[in-house]
Each structure stands twice: as C-alpha cells, then as structure tokens.
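**Student:** With the numbering used here as the guide, the letters of the sequence shown map in order to residues 616 to 1133. Cβ coordinates follow ideal geometry from the N, Cα and C atoms, glycine included. Quick one: structure below, then a few questions.
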Amino acid sequence: MTTWQTACSILESCLARGVREFVVCAGARNAALVEVLARAEAAGLARVWRHFEERSAGFFALGRTMATGEACAVVTTSGTAVAELLPAVIEAYYQGRPLLALTADRPERFRGTGAPQAISQPGIFGEHAGSGDVTEWNHRGPWHWNVELEEDFQPGEWTPPQPVENFRPPLPNYSVAVLARWLREDLYRGLVVMIGDLEPEDHETVFHFCLDLGAPVAVEATSGLREALGQLALPDPDRMLKDRPPGKILRLGGVPSGRFWRDLEDLPDTEIWNITRTGFPGLARKCDTITSPVGRVIQGLGDVENAGDALDYFHRTSRRAGEIDDLLEAYPDSEPGLLRVLSSYASTGSSLYLGNSMPIREWNLFAQRDKPVTDVRANRGANGIDGQLSTWLGWTADVEDSWCLVGDLTALYDLAAPAWLGQIETKGRVFVVVNNGGGQIFSRLPRLDAMSDRAKDLMLNPHDVRLDGWAAMWGMRYLKITNEDGFDALEPGDVSLLVEVIPDAGETKEFWKAWDAR
C-alpha cells in the first residue's frame, strides 16, 4: 500500500468511528494526512483546524470535545511533536474525554537509530491513553493511534465515503439499590452534597434532585448550579464543613476544587459516595463510587426523601454570607473585591471558563450569586495550569460573548493560544487575566511562613510583566483595571478584548489577613 493509500485508509477509519474534527500541526511526515483531510473538509465530512504548536493544539482539541461531546483528533508529525501532546492527553484521561492523538511516525526500522525525526512513539502516553487502531477505541477516554508513513508520497484519487452516524460509547452498568438505602439511613449524622463539574445535560436533573433532597450543598461554579441552588448552597463550604464535618458526603460530578475535599482524607468517620462519569473517586481513602453520567444515576434513584439539615448548617449561612460581603466592601480594590465586581460583568456573557489555582477558588467564594451563570468550564482533571486558554478557545470556538478568567502565570504558560483567533468567533470574547505578579496562591500556604526568603521567591515566581504588548501582538483590544471604577470602561465588542486586572497588593494582603481571622 502506498503512503497516499495508507493516509486515505486512516482517515476513512477515523470518519467511520465518529471522528469529525481534526486539529492539524503540519509537517513533512504527516503531509499525506493533511492532503486527505483537506479533501474531506471540502467534501463536508470533516472540520479541520490548524496550529503551529502541538501543546496548544492538544488542549484546543480537548476543548472541542467539551463543546461537542464527541471525539476530536489532533494530528502531529513525527519526532518530539508527539511528546508535546502529553499534558493534554493526561487532562483528557482524568476528564474522560474522547481525544485522539493521531501521530505520524517514521517506519519502525528507524527506531533506536538516532535518525532525524525518529523517537520511540508507541506507548509514549503510558497509562494515560489506550493505543492501537482506532476501531478498538470506545471513546470513554483518550486514544493514541501511531501511524507509520514514508515521507515521499504522490496524491492520488480519493472517493469520499458516505457519512455515517456518530459513534456512541457504551454506557457502564451500575446498581443504585445500595446508594438509595444509604440516602435514607442515619440522616442524624448529617448529609451534605458536594457538586463538582457537571455536563450540561445533567444540570436540570441534579438541580431538582437537590431541591427534593433538601440537604446543604457545597456547589462549585463548574456545576452550572452555583447561583441557582440559592439557600441550599453553603457560602463558605470549606470552613463551615471543617468546623463541623458531616457524617455523610454525596459527591456529584467532578472532583471538587475546595480544601475540604482534601481534608476528607483525614476524616475516616465521614462516609462518601461518588457519582461520576469518569469513575475516579478523587480520594485515596475508602469510598463508594458509581461510574456513569450523573443525570442517568439520579434518574435511576427515582423519588428521594427529604434529608434536611441535621447539623444546622443553614442557621449559619446568612451570617457567613454577610461576613463575606462586609469584607469585600471593606477592601474593594483587593483581588477578591475586584473579582466580585468582575463577576457581575462576566455574568452577562454566554459562557465562562475559569483557570485553575486562585481564579476558580475565588470565583466559588466571592462571585455574585444573584444571576445564574450556567455554562461554566475548567480543566480540573489533573489541576494543571498549562493549556488553559487553548482549551477555552476550543470549547467556545463557535460561541459569541465568551469569557475566561485566568491568573497571570496561567496566561504566560499559553502565550501562543491567541493564534486561534483567526479561526474562531471573536465577537464579545473577553480574556480576563488577574495579574498579581506571580503564583500568589502559594502565599496562602501556611508552610510558606517557615520557609526562607529565597525559597519563597522560588515558590512564587514573582515578575513585573504587563500584557499590553501581548494584546497588540495578536490584535486584541486592551484594558487595564486597577480599581473598581476601572470596570466602567469594560465594553466587549467585535474584536477580542484582553482585560488585565491588577489588584492592590496591600489591600489584598489585608483582606486575607481579615479573612483568616474570622
């Protein structure tokens, strides 16, 4: 079989297995694949994106799987190009996303020779991706198809295949009998629901389940239900639950980002049930887990009895919410204070992406709660900060009025991401970067107090970088905000807008000092 015939066969196998989108990082080794992809795009069988940098491409492809719920392939050339996909593949593994790494390779005879563009590509992702022919893939996680191609090829004829229905991965089997009994028993010990990220199709089912259950809820923004659950939602769940740990935790969706979830490692008397489509328990200790789409399990439970608030968390809810509001008013130009104002503007958008580290934690604690923000995403599979902007741009490629909120180091990790702007929707798109001069989340670690000044410097990665030049480089409008009055000039438009928020360092320090004292 010629190189051209091989490339045609590979693409036809992908199309037959439901892969309709391809992100291409072109090179000499995958040129045959690029040519047949261009023809498939012209025939209306595929959507093809391009980028020059593989790490960004991998995360953009991950974002496309979030947007469509279907597979997306990222196509690389040989050599170290494939290694650049490892962070995105790992994130896809822990999120259970159908990301296909379609990596061109030199023929096997070159492995171990030191020949140019020849590394040992098979198995490079280890346990984080299945591997082999795409026909063996069940789409419940990432997959690596390493294809050997000769470099020289002559394009020939190609007859586009007939479209086929999208592939639907098989759903796992489960039983809800034990969980249903657990939800009725020993409620005097206190039951709390913790909700991490949810798929959009699960929102309504989980919302009505929580209303019927009537138990306190520690709800994250990525659930899409943070504002909607109203009085059921605890305003400062990490502290409230640590002060009085519940006897029972029902976790729905992804692994929560809050500190209390980690504290559960040391609370063996708290029983935990997880309902998660990924199957990961999120803890190293004993707990029970049902692997399935969350809404599917909730529907299987049927009607549930009202569990109530056995440990009287609701009695403290309004007081704690008031204390938070008082602090934000006292320190309006602090990082949390500016985020509260920002959240009112961002809530007018169609979607919101939250970067890891401080932004997701501060949004959960301090963002407005009056207007529902239902379409919220983040990369929480491995909790890394790389590829965040690329993931957001992939997720919202076709969406107007899309917002993201990331920290400064997260933006610096993904400086090539705006190269996507020429291929995606830019109307109303707003990049918000909170620039606090380094990795300030580490300044919140108690252990930092015992470390030397040099060690603290190494931990925080302080810098004086400003982002106006980055905005100009990629043709974005730019706005710098240093106080709450600066938001008056925030006006999304037809061109993407970069908003650099620079909090008052002194106010931020005083805010956290007052926060920790309460």
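Touching or not, the stretch 910-924 and the stretch 809-824, by the rule of three or more beta carbon pairs under 8 angstroms?
**Tutor:** yes
**Student:** Let me know if His-759 comes out buried or exposed under the rule of 16 or more other beta-carbons within 10 Å of its beta-carbon.
**Tutor:** Taking the first residue of the sequence shown as 1, we reach residue 759 at position 144. Buried: at least 16 other Cβ atoms inside 10 Å.
**Student:** Can you tell me whether Leu-813 is helix, strand or coil according to DSSP?
**Tutor:** Locating residue 813 in the sequence shown gives position 198, where the first residue counts as 1. Here DSSP, grouped into helix, strand and coil, assigns Leu-813 to coil.
**Student:** Cβ of Val-634 within 7 angstroms of Cβ of Ala-676?
**Tutor:** Translated into the one-based positions of the sequence shown, residue 634 becomes position 19. Translated into the one-based positions of the sequence shown, residue 676 becomes position 61. Result no, Cβ atoms of Val-634 and Ala-676 do not sit closer than 7 angstroms.
**Student:** Helix, strand or coil for Ser-965 per DSSP?
**Tutor:** The count along the sequence shown starts at 1 and reaches residue 965 at position 350. Three-state DSSP puts Ser-965 in coil, outside helix and strand.
**Student:** Taking only three categories from DSSP, how would you classify Thr-750?
**Tutor:** Residue numbering aside, residue 750 sits at position 135 when the sequence shown is read from its first letter. It is helical.
**Student:** Let me check understanding here. Comparing Cα to Cα, which of Arg-662, His-743, Arg-721 and Met-681 lies closest to Ala-997?
**Tutor:** Within the sequence shown, numbered from 1, the residue matching residue 997 stands at position 382. Closest option to Ala-997, judged by alpha-carbon separation, among Arg-662, His-743, Arg-721 and Met-681: His-743.
**Student:** Determine, using beta-carbon pairs with one atom in the stretch 915-928 and one in the stretch 797-814, whether at least three such pairs fall under 8 angstroms.
**Tutor:** yes
**Student:** I need the straight-line Cα distance from Thr-695 to Glu-763, nearest angstrom please.
**Tutor:** Residue numbering aside, residue 695 sits at position 80 when the sequence shown is read from its first letter. Residue numbering aside, residue 763 sits at position 148 when the sequence shown is read from its first letter. About 15 angstroms.
**Student:** If I measure Cβ to Cβ from Ala-848 and keep anything under 7 angstroms in the same chain, skipping five residues before and after, which residues do I get?
**Tutor:** The sequence position of residue 848 within the sequence shown is 233, counting from 1. The answer, listed in chain order, is Val-832, Val-834 and Arg-841.
**Student:** Taking the alpha-carbon of Thr-680 as reference, which of Thr-1011, Phe-1102 and Gly-1101 has the nearest alpha-carbon?
**Tutor:** Within the sequence shown, numbered from 1, the residue matching residue 680 stands at position 65. Among Thr-1011, Phe-1102 and Gly-1101, the Cα nearest to that of Thr-680 belongs to Thr-1011.
**Student:** So Gly-727 is in the alpha helix (DSSP H); what residue range does that whole segment cover?
**Tutor:** Start at 1 with the first residue of the sequence shown, and residue 727 comes out as number 112. Gly-727 -> no alpha helix (DSSP H), and no H or E assigned at all.
**Student:** DSSP on Leu-898, reduced to helix/strand/coil?
**Tutor:** Your numbering for residue 898 matches position 283 in the sequence shown. DSSP places Leu-898 in coil when its eight states are reduced to three.
**Student:** Strictly by DSSP, which residues pair up with Leu-1143?
**Tutor:** Residue 1143 falls outside the range modelled here, since the chain spans only 616 to 1133, and no answer is possible.
**Student:** Identify whether Thr-683 lies in helix, strand or coil by the three-state DSSP scheme.
**Tutor:** What you label residue 683 is simply residue 68 of the sequence shown in a count that begins at 1. Thr-683: helix per DSSP, three-state reduction.
**Student:** Cutting at 6 angstroms between CB atoms, please list the residues of its own chain near Lys-1095, excluding the five before and the five after it.
**Tutor:** The residue you call residue 1095 lines up with position 480 of the sequence shown. These residues qualify, in order along the chain: Glu-1115.
**Student:** According to the neighbour-count rule (16 or more other Cβ atoms, all chains shown, within 10 Å of its Cβ), is Met-809 buried or exposed?
**Tutor:** Indexing the sequence shown from 1 puts residue 809 at position 194. Buried.
**Student:** Bridge partners of Asn-761, per DSSP?
**Tutor:** Stepping through the sequence shown from its first residue, residue 761 is reached at position 146. Partner(s): Thr-718.
**Student:** If you check the beta carbons only, do Ser-965 and Val-1014 fall under 7 angstroms apart?
**Tutor:** Against the sequence shown, residue 965 aligns to sequence position 350. Against the sequence shown, residue 1014 aligns to sequence position 399. Result yes, Cβ atoms of Ser-965 and Val-1014 sit closer than 7 angstroms.
**Student:** Hey, Leu-1020 and Pro-1077: beta-carbon distance below 7 angstroms or not?
**Tutor:** Indexing the sequence shown from 1 puts residue 1020 at position 405. Indexing the sequence shown from 1 puts residue 1077 at position 462. Not closer than 7 angstroms, so no.
**Student:** What does a CB cutoff of less than 6 angstroms around Cys-623 pick up in its chain, not counting 5 residues either side in sequence?
**Tutor:** Counted from its first residue, the sequence shown places residue 623 at position 8. In the same chain as Cys-623, and ignoring 5 residues on each side of it, the C-beta atoms closer than 6 angstroms to its own belong to Val-651 and Trp-773, in chain order.
**Student:** Look at the alpha carbon of Asp-990 and the alpha carbon of Thr-683, and state the distance between them as a whole number of angstroms.
**Tutor:** Position 375 of the sequence shown holds residue 990. Position 68 of the sequence shown holds residue 683. Cα to Cα, the separation comes out at about 14 angstroms.
**Student:** Rounding to the nearest angstrom, what Cα-Cα distance links Glu-706 and Glu-938 in this structure?
**Tutor:** Counting from 1 along the sequence shown, the entry for residue 706 is found at position 91. Counting from 1 along the sequence shown, the entry for residue 938 is found at position 323. Going from the Cα of Glu-706 to the Cα of Glu-938 covers about 36 angstroms.
**Student:** Is Val-690 near Asn-645, with beta carbons less than 7 angstroms apart?
**Tutor:** Mapped onto the sequence shown, residue 690 falls at position 75. Mapped onto the sequence shown, residue 645 falls at position 30. Yes, the Cβ-Cβ distance between Val-690 and Asn-645 is below 7 angstroms.
**Student:** Could you pull the start and end residues of the beta strand (DSSP E) that Ile-591 belongs to?
**Tutor:** No statement about residue 591 is possible, as the shown extent of the chain runs from 616 to 1133 and does not include it.
**Student:** Spatial neighbours of Arg-632 within its chain, please: CB distance less than 7 angstroms, with the 5 preceding and 5 following residues excluded, ordered by chain position.
**Tutor:** Working through the sequence shown from its first residue, we reach residue 632 at position 17. Counting only residues of its own chain and dropping the five nearest sequence neighbours on each side, Arg-632 has a CB closer than 7 angstroms to the CB of Val-749, Thr-750, Trp-752 and Phe-782.
**Student:** Going by the CB atoms, is the gap between Trp-888 and Leu-794 shorter than 7 angstroms?
**Tutor:** To locate residue 794, count along the sequence shown from 1; it is residue 179. To locate residue 888, count along the sequence shown from 1; it is residue 273. In contact: Leu-794 and Trp-888 (Cβ atoms closer than 7 angstroms).
**Student:** Rounding to the nearest angstrom, what Cα-Cα distance links Ala-792 and Glu-886 in this structure?
**Tutor:** For the purposes of this step, residue 792 is identified with residue 177 of the sequence shown, where counting begins at 1. For the purposes of this step, residue 886 is identified with residue 271 of the sequence shown, where counting begins at 1. Distance between the alpha carbons of Ala-792 and Glu-886: 17 angstroms.
**Student:** In the DSSP assignment, find the unbroken beta strand (DSSP E) run with Glu-636 in it and report its ends.
**Tutor:** For the purposes of this step, residue 636 is identified with residue 21 of the sequence shown, where counting begins at 1. 636-639 is the extent of the beta strand (DSSP E) around Glu-636.
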